[in-house]
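Chains as they are written, first to last, in this note's numbering: chain A, 5 to 341; chain B, 5 to 341.
As structure tokens, then:
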């Protein structure tokens with residue numbers, strides 16, 4: 005296999021064996037801190053699809069999403085002096101809460117850069133984990149620039165949301181647990197935003213289930229990943245209009261795109277209406293609260309974007325952080341499957 | 005201990021040792037067919053309450069509620085000839101789906117008597133399990149009378165929703181699993197409708213955790229159980245106006261009231277608004293879809309109806325069968341905890 009591209013030298017990963025070793029280290033490190041989330045199945049769904057589907061419930065992960073894994077894998081490797089100075093991240097979503105929670109657990113200060121219009125619940129959640137929240141102005145200095153400036157001024161470590169090997173290998177540990185619990189898989193579906201979860205899951209599958217085809221699922225309104233996958237260049241969709249707030253990232257990075265092009269079989273897209281049908285089914289039938297991005301994998305199966313007939317299929321339900329106030333009415337208006 | 009009252013002779017349970025043996029038989033029988041549902045905890049909640057809370061997730065039980073347990077415990081003991089003739093039940097809720105599913109699994113025909121105005125989703129769910137649905141007329145023959153007539157005419161066995169030792173002992177197996185998984189408990193909270201779950205849980209606690217105080221929680225609008233508990237007589241509230249559809253039963257039975265008076269420490273009540281706060285917290289923080297009745301135990305803790313400080317508390321989340329279309333708007337309008 006050839007998992008690597010130009011980033012190998014930069015990150016001290018000269019060959020596949022080193023990458024595999026580094027992934028297995030991440031696996032052990034994350035297992036000590038993260039919840040081992042359950043894998044659930046549904047006979048009704050299996051009968052409908054003519055397949056065997058295994059859901060990995062990362063909505064039950066700490067802070068409610070898989071993002072805890074990558075943040076823990078990176079931050080827990082920092083030397084004591086760097087931990088003392090702290091970490092900084094820019095995010096208005098699950099990555100912010102992940103960095104804040106991991107920093108608190110490891111005794112590190114954390115600064116999270118968020119838009120001033122971020123939902124009150126997310127601001128409160130991030131502050132609740134003890135992080136300092138700083139606002140950036142959409143018209144002034146950008147969030148990456150502000151985060152970089154804080155990192156430099158305070159000697160803090162920047163924790164990127166996906167563009168780092170320790171982040172993506174950490175995210176991939178969810179897929180590793182899923183493969184261990186479900187047994188051999190023919191297909192593995194994960195949501196695709198910046199590509200950390202998808203590329204890390206693909207590394208896990210290459211190591212633990214080499215014949216498993218890995219598929220990324222993206223909201224149709226933000227199909228930068230699908231287009232980048234086809235063209236091989238970093239395509240961009242700014243501020244896509246989709247309910248899937250975890251997949252609004254404008255583009256992949258060259259690191260994640262390289263891994264995805266080499267190790268992923270296909271990237272497909274789903275509409276928001278298809279995502280709502282999947283969410284409603286997960287809520288009503290499996291009693292699982294899953295956020296829109298987390299329902300992308302099931303949406304792709306239900307909408308026939310991926311043919312799963314006769315297959316053993318893993319689906320990562322990536323998170324459960326939903327703003328009920330904003331979403332309940334749309335969900336209630338969504339027809340039952 | 006003295007679990008027994010006048011019904012002992014009727015049901016072939018002459019003493020406590022016989023009752024304990026019959027409960028342990030139910031435990032093994034139900035374990036072979038029901039899901040062993042998970043027990044989940046929340047550090048945030050524990051910090052807030054100054055207690056340790058263990059939630060038993062019967063929302064993940066087969067057909068979405070604990071009712072599978074009692075129905076299986078009774079129906080699986082029927083002799084082959086009775087199974088061949090089939091079973092009949094009257095219910096518009098979880099008991100209907102439980103009897104229908106168990107009957108299908110055991111190859112028995114099932115007739116479910118439901119009101120003609122039952123929600124389409126519940127009718128479809130019950131028929132989906134292969135049961136024949138018969139409607140009764142609110143102004144004509146009552147549902148018990150109709151079910152009794154069908155049982156007689158077709159030689160079918162009537163499966164009552166709570167008023168039978170095999171039903172309530174089956175329901176108590178959830179509490180037994182909770183006590184095994186959580187370790188010793190000081191308090192155990194279950195919803196109270198007809199009293200099958202509460203009385204069965206109390207029997208389980210008396211056998212497995214004799215010092216555990218068992219508390220029933222009832223919707224305030226239908227406080228027949230709380231009043232019966234105090235007066236010792238069967239008090240009635242017809243068609244109480246509450247969201248807790250699983251606890252609208254007009255009264256306990258003398259069987260369940262007798263067991264509850266002997267083995268339960270207290271019955272408390274909660275308003276629908278308090279239930280909605282608990283439901284929203286369970287959905288948003290634990291990612292668990294729980295129906296209104298299922299949230300009664302947590303509602304009692306959050307509203308201070310039961311003082312849990314310093315205690316190890318088991319809470320049975322009894323089911324997750326929610327009509328999202330009907331409830332989403334109210335849930336979205338409920339303030340966050």
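Glycine residues also receive a C-beta, built at the ideal position from the N, C-alpha and C atoms.
task = Would you kindly report the start and end of the unbroken beta strand (DSSP E) that includes residue 223/B?
result = 217–223
task = Spell out whether any CB of chain A is found under 8 Å from the CB atom of residue 336/B.
result = yes
Reduced DSSP secondary structure (H/G/I, E/B, other) of residue 119/A = strand
task = Quick one: which residues of the stretch 276–295 of chain B get their C-beta closer than 7 Å to a C-beta of chain A? List them in chain order.
result = Correct list: 284, 287, 288, 291, 292 and 293.
query = Just how far apart, CA to CA, sit residue 118/A and residue 51/A?
reply = 44 Å
message = Going residue by residue through the stretch 142–223 of chain A, where are the continuous alpha helix (DSSP H) segments of at least 4 residues, counting only ones entirely within it?
response = 147–158, 169–175, 177–186 and 200–212
query = Is the beta carbon of residue 256/B sitting closer than 8 Å to the one on residue 232/B?
reply = yes
message = If contacts are defined as beta-carbon pairs under 8 Å, then residue 163/A and residue 91/A qualify, I think. What distance do you get, rounded to the angstrom?
response = Going by Cβ atoms, the distance from residue 163/A to residue 91/A rounds to 5 Å, so yes, they are a contact pair.
inquiry  = On a Cα-Cα basis, can you pick out the residue from 55/B, 87/B and 61/B that is closest to residue 179/B?
reply    = 61/B
request  = Compute the beta-carbon to beta-carbon distance between residue 262/A and residue 241/A, rounded to the nearest angstrom, for a pair I have assumed lies under 8 Å.
outcome  = The pair is not a contact, with the Cβ atoms about 20 Å apart (cut-off 8 Å).
Where residue 332/A meets chain B, residues with beta-carbon distance less than 7 Å = 332, 333, 335 and 336
request  = Whole angstroms is fine: what's the gap from residue 22/B's alpha carbon to residue 79/B's?
outcome  = 20 Å
task = Check whether the Cβ of residue 324/A lies closer than 8 Å to any Cβ atom in chain B.
result = yes
query = Does any C-beta atom of chain A lie closer than 8 Å to the C-beta of residue 123/B?
reply = no
inquiry  = Spatial neighbours of residue 6/A within its chain, please: C-beta separation below 8 Å, excluding the five flanking residues on both sides.
reply    = Low per-residue confidence applies at residue 6/A: pLDDT is 44, beneath 50, and the placement is therefore not dependable enough to give any value.
task = Enumerate in chain order the residues of its own chain whose CB-to-CB distance from residue 419/B is below 6 Å, with the five nearest sequence positions on each side excluded.
result = The requested residue 419/B is not part of the displayed model; chain B covers only 5 to 341.
ask   = Measuring CB to CB, does residue 43/B end up less than 8 Å from residue 185/B?
value = yes
Limits of the unbroken alpha helix (DSSP H) element including residue 27/B = Unbroken alpha helix (DSSP H) run through residue 27/B: 20–35.
message = So if I threshold CB-CB distances at 9 Å, which residues from the stretch 59–75 of chain A count as touching chain B?
response = Taking 9 Å as the Cβ-Cβ cut-off against chain B, the residues of the stretch 59–75 of chain A that qualify are 61, 63, 64 and 68.
ask   = Looking at C-alpha atoms only, which residue of 335/A, 324/A and 203/A is the closest neighbour of residue 284/A?
value = The option with the nearest alpha carbon to residue 284/A is 335/A.
message = Less than 8 Å between the beta carbons of residue 310/B and residue 196/B, yes or no?
response = no
ask   = Using a C-beta cutoff of 8 Å, does residue 306/A count as contacting chain B?
value = no
query = Do residue 317/A and residue 191/A have their C-beta atoms within less than 8 Å of each other?
reply = yes
task = Helix, strand or coil for residue 317/A, going by three-state DSSP, please let me know.
result = strand
Residue of 59/B, 74/B and 82/B minimising C-alpha distance to residue 193/B = Of the listed residues, the one whose Cα sits closest to residue 193/B is 59/B.
ask   = At a cut of 8 Å, does the stretch 285–295 of chain B reach the stretch 166–182 of chain B through at least three beta carbon pairs?
value = no
task = Out of 305/B, 107/B and 30/B, state which residue places its alpha-carbon closest to the alpha-carbon of residue 136/B.
result = 107/B
inquiry  = What does the alpha-carbon distance come out to for the pair residue 329/A and residue 322/A?
reply    = 21 Å
request  = Could you spell out where the beta strand (DSSP E) holding residue 138/A opens and where it closes?
outcome  = Note, residue 138/A: beta strand (DSSP E), 136–140.
message = Whole angstroms are fine: how far does the CA of residue 70/B sit from the CA of residue 217/A?
response = 38 Å
ask   = What residues from chain A crowd round residue 329/B, counting only those whose CB sits closer than 7 Å?
value = Residues of chain A with a Cβ closer than 7 Å to the Cβ of residue 329/B are, in chain order, 336.
inquiry  = Counting only beta-carbon separations shorter than 8 Å, does residue 42/A have a partner in chain B?
reply    = yes
message = Could you give the first and the last residue of the continuous alpha helix (DSSP H) run that contains residue 130/A?
response = Unbroken alpha helix (DSSP H) run through residue 130/A: 124–132.
ask   = From what residue to what residue does the alpha helix (DSSP H) around residue 334/B run?
value = Where residue 334/B is concerned, the enclosing alpha helix (DSSP H) stretches over 328–336.
query = Comparing alpha-carbon positions, which option in 305/A, 299/A, 339/A and 331/A lies nearest residue 63/A?
reply = 299/A
message = Please tell me whether residue 250/B and residue 97/B are closer than 8 Å, where the distance is taken between their beta carbons.
response = yes
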